[in-house]
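Residue numbers (the working numbering): 1202 to 1513.
Yeah, the Cβ is synthetic: ideal placement off N, Cα and C, and Gly gets one too.
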């Protein structure tokens, strides 16, 4: 079984490498391959993932130019040398909600599904996990991760261009799984949770984070077209509905970690994610921010922690 998994993922990895030969992939690859070697460094300060030794300014301009070529940056914040990369999302705020519930994860194997550019991978590395493995089938995210990763010198994080559809090919592999802002982008929320359960070790835990709508009943909005200008939204649950999905997927010890408003402090356009990108305010009714531009309830952010049966 383990050998079959390794063969599947190695073949998939080789197939996905061909994506770099696409037109946009060639541009991204050229920007990265031209970078000179620098002295690596890594630390976290005030929520920013800081890489690049600020005492060594050699090649700084070339690295910063490459980072600018990778705009828009959706997740962060990062700091490259002394340059603050202020991304659209303040992912450090989500991390602050999550971190108190992680426990001691030193030596753990962690999967981040839909990891974007890997901000959470770097935060996990700081906690001395054995490996934090991010997957996201989007080349610009892979390029941003590679740039920051090369400057960090970290050995316990990695990124692959895999998708949600590949998760259940791992069987009892992971101690912990992050599934942040993904569940509503796929047709079947329960099937995603079943795949996560398959991939977790017995007793493993997952953090599920999603947009949601207010309400006490167990229901989900199914937008007929767009939601907050997003076209790839399927189900937007109430918190009760999200918890029931997890229960239907046979998870136990379901805990609510967060039920918060989504604000411009956490998601907004910046010089590192400028127009024509759109952000939170573009998707809300300018006269009534409690509604989306389409008239639906405005998004909240829910996070739950769930556990697979079978632990000690």
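Start-end ranges of the alpha helix (DSSP H) lying completely within the stretch 1224-1257, minimum 4 residues
1224-1234
How many Å lie between residue 1254 and residue 1289 at the Cα?
In the chain shown, the residue the question calls residue 1254 occupies position 53. In the chain shown, the residue the question calls residue 1289 occupies position 88. About 25 Å.
Go ahead and pull the three-state DSSP assignment for residue 1474.
Taking the first residue of the chain shown as 1, we reach residue 1474 at position 273. In this structure, residue 1474 counts as strand in the three-state DSSP scheme.
Who are the Cβ neighbours of residue 1348 in its own chain at under 7 Å, not counting the five residues just before and after it?
Position 147 of the chain shown, counted from the start, is the residue given in the question as residue 1348. Result list for residue 1348: 1233, 1267, 1268, 1271, in chain order.
As assigned by DSSP and simplified to three states, the class of residue 1162:
Outside the displayed range of the chain (1202 to 1513) lies residue 1162, so it cannot be described from this structure.
Cβ atoms of residue 1436 and residue 1408: under 7 Å apart, would you say?
Here residue 1408 corresponds to residue number 207 of the chain shown, with the count starting at 1. Here residue 1436 corresponds to residue number 235 of the chain shown, with the count starting at 1. It is not a contact, given that the beta carbons lie outside the stated cut-off.
Are residue 1485 and residue 1468 close, meaning C-beta to C-beta below 7 Å?
Within the chain shown, the letter at position 284 stands for residue 1485. Within the chain shown, the letter at position 267 stands for residue 1468. It is not a contact, given that the beta carbons lie outside the stated cut-off.
Can you check the stretch 1323-1404 for any alpha helix (DSSP H) of at least 4 residues that lies completely inside it and give the ranges in chain order?
1340-1353, 1390-1400
In chain order, what residues of the same chain lie with their CB nearer than 7 Å to the CB of residue 1445, ignoring the 5 residues before and after it?
Residue 1445 sits at position 244 when you count from the first residue of the chain shown. Hits under 7 Å: 1419.
Distance between beta carbons of residue 1230 and residue 1221, contact taken as under 8 Å:
Here residue 1221 refers to the residue found at position 20 when the chain shown is read from its first residue. Here residue 1230 refers to the residue found at position 29 when the chain shown is read from its first residue. Residue 1221 to residue 1230, Cβ: 5 Å. Contact.
Can you name the start and end residues of the alpha helix (DSSP H) that residue 1263 belongs to?
Position 62 of the chain shown, counted from the first residue, corresponds to residue 1263. From DSSP, the alpha helix (DSSP H) with residue 1263 extends over 1261-1270.
Any idea what DSSP makes of residue 1321, helix, strand or coil?
Sequence index remark: in the chain shown, residue 1321 carries index 120 (1-based). Looking at residue 1321 - three-state DSSP - the assignment turns out to be helix.
How would you write the range of the alpha helix (DSSP H) that residue 1447 sits in, first residue to last?
Counting from 1 along the chain shown, the entry for residue 1447 is found at position 246. Run containing residue 1447: 1440-1449, per the alpha helix (DSSP H) assignment.
For residue 1280, which residues does DSSP report across the bridge?
Taking the first residue of the chain shown as 1, we reach residue 1280 at position 79. Per DSSP, 1251, 1285.
Residues of its chain near residue 1357, where Cβ-Cβ distance is below 7 Å and the 5 sequence neighbours each way are ignored
Translated into the one-based positions of the chain shown, residue 1357 becomes position 156. Closer than 7 Å at Cβ, skipping near neighbours: 1326, 1330, 1331, 1332, 1333.
Could you work out which residue in 1365, 1459, 1506 is closest to residue 1304 when comparing CA atoms only?
One-based indexing of the chain shown puts residue 1304 at position 103. Looking at the Cα atoms, 1506 is the closest of the given residues.
Is residue 1370 closer than 7 Å to residue 1209 when the C-beta atoms are compared?
Numbered from 1 along the chain shown, position 8 holds the residue referred to as residue 1209. Numbered from 1 along the chain shown, position 169 holds the residue referred to as residue 1370. Their beta carbons are under 7 Å apart, which means residue 1209 touches residue 1370 by this criterion.
For residue 1350, is the classification buried or exposed, using 16 other Cβ atoms within 10 angstroms of its Cβ as the cut-off for buried?
Locating residue 1350 in the chain shown gives position 149, counting from the first residue. The residue is buried, with at least 16 neighbouring Cβ atoms inside 10 Å.
Run through DSSP, which three-state label would residue 1482 get?
In the chain shown, residue 1482 corresponds to position 281, counting from 1. Residue 1482: helix per DSSP, three-state reduction.
Using C-beta distances below 7 Å, list every residue in its chain close to residue 1459, excluding the 5 sequence neighbours before and after it, in chain order.
The residue labelled residue 1459 in the question sits at position 258 within the chain shown. So the qualifying residues of the chain are 1298, 1502, 1503, 1504.
In angstroms with no decimal places, state the Cα-to-Cα distance between residue 1226 and residue 1340.
Position 25 of the chain shown, counted from the first residue, corresponds to residue 1226. Position 139 of the chain shown, counted from the first residue, corresponds to residue 1340. Looking at the two C-alpha atoms, the distance is approximately 7 Å.
Report buried or exposed for residue 1282, applying the criterion of at least 16 other Cβ atoms within 10 angstroms of its Cβ.
For the purposes of this step, residue 1282 is taken as residue 81 along the chain shown, with counting starting at 1. So residue 1282 ends up on the buried side.
Can you give me the start and stop residues for the beta strand (DSSP E) that residue 1312 sits inside?
Position 111 of the chain shown, counted from the first residue, corresponds to residue 1312. Its beta strand (DSSP E) spans residues 1310-1314.
Reduced DSSP secondary structure (H/G/I, E/B, other) of residue 1500:
The residue given as residue 1500 occupies position 299 in the chain shown. Of the three classes helix, strand and coil, the one that applies to residue 1500 here is coil, per DSSP.
Nearest-angstrom Cα distance between residue 1335 and residue 1279?
What you label residue 1335 is simply residue 134 of the chain shown in a count that begins at 1. What you label residue 1279 is simply residue 78 of the chain shown in a count that begins at 1. Distance between the alpha carbons of residue 1335 and residue 1279 is about 17 Å.
Sub-7 Å separation of residue 1273 and residue 1478 beta-carbons
Within the chain shown, numbered from 1, the residue matching residue 1273 stands at position 72. Within the chain shown, numbered from 1, the residue matching residue 1478 stands at position 277. Yes, the Cβ-Cβ distance between residue 1273 and residue 1478 is below 7 Å.
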